[in-house]
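Chemist: The structure is given below, and queries will be raised subsequently.
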């Protein structure tokens, strides 16, 4: 049997599904954890999650679905994820801080500044939106308010890219 594996890194759960390639039938799916994942909000308008938690649940889901199946039977992996989350990594590929996720609004002011500096017309033509809550705005916030973290950032990425990096070792 040949399979594809799907992984969705959401803010409330990690979902993993295994599909049979020949028939397209679902060979199994799992949602972890049983209750919603925690979102830390140390201040009003902030929302953070530990990327290692996403990885833990993704691994657990894959183990459950692959039990008794040869690893080589998975021919493709697709990853979907919450957008605009900021994952900051050190040179060892370890998170330097919790991810500032999509619903965090602490960096909106940086996006508004970029919207004005880049130009409304340019942003709307190319982004179809103001960069108000985009990942780069969150990185600007880290640079200003957590310079000791920013100085250690080797790479930054989105939540799904973190999972792909953990799976493959490649960024």
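In the numbering used here, the protein residues as written are 124 to 294. Where is the CB? At the ideal position from N, CA and C, for every residue including glycine.
(1) If we require 4 or more residues per run, which alpha helix (DSSP H) segments fall completely within the region 191–277?
(2) Are there 16 or more other CB atoms within 10 angstroms of the CB of residue 280, so buried, or fewer, so exposed?
(3) Looking at the C-beta of residue 215, does it have a partner C-beta in chain C at a distance below 8 Å?
(4) Figure out for me which residue from 165, 159, 195, 172 has the closest Cα to the Cα of residue 126.
(5) Where does residue 293 sit, in a helix, a strand or coil, going by DSSP?
(6) Does residue 184 come out as helix, strand or coil in the three-state DSSP assignment?
(7) Using CA atoms only, rank isn't needed, just tell me which of 264, 293, 291 is closest to residue 208.
(8) Using a 10 Å radius around the Cβ and a threshold of 16 neighbouring Cβ atoms, would you call residue 271 buried or exposed?
(9) Between the Cα of residue 180 and the Cα atoms of 168, 159, 192, 193, which residue gives the shortest distance?
(10) Let me check one thing: in DSSP terms, what residues is residue 132 bridge-paired to?
(11) Taking the straight line between their C-alpha atoms, what separation do you get for residue 242 and residue 216?
(12) Have a look at 233, 139, 277, 275 and flag the residue whose alpha-carbon is nearest the alpha-carbon of residue 204.
(13) With DSSP as the reference, identify every bridge partner of residue 152, one or two as the case may be.
(14) Rounded to a whole number of angstroms, what is the C-alpha to C-alpha distance between residue 245 and residue 260?
Modeler: The answer reads as follows:
(1) 231–241, 243–249, 258–268, 270–273
(2) buried
(3) Annotation note: the requested chain C is absent from the structure, which comprises a single protein chain.
(4) 195
(5) coil
(6) helix
(7) 264
(8) exposed
(9) 159
(10) 137, 204
(11) 35 Å
(12) 139
(13) 140
(14) 17 Å
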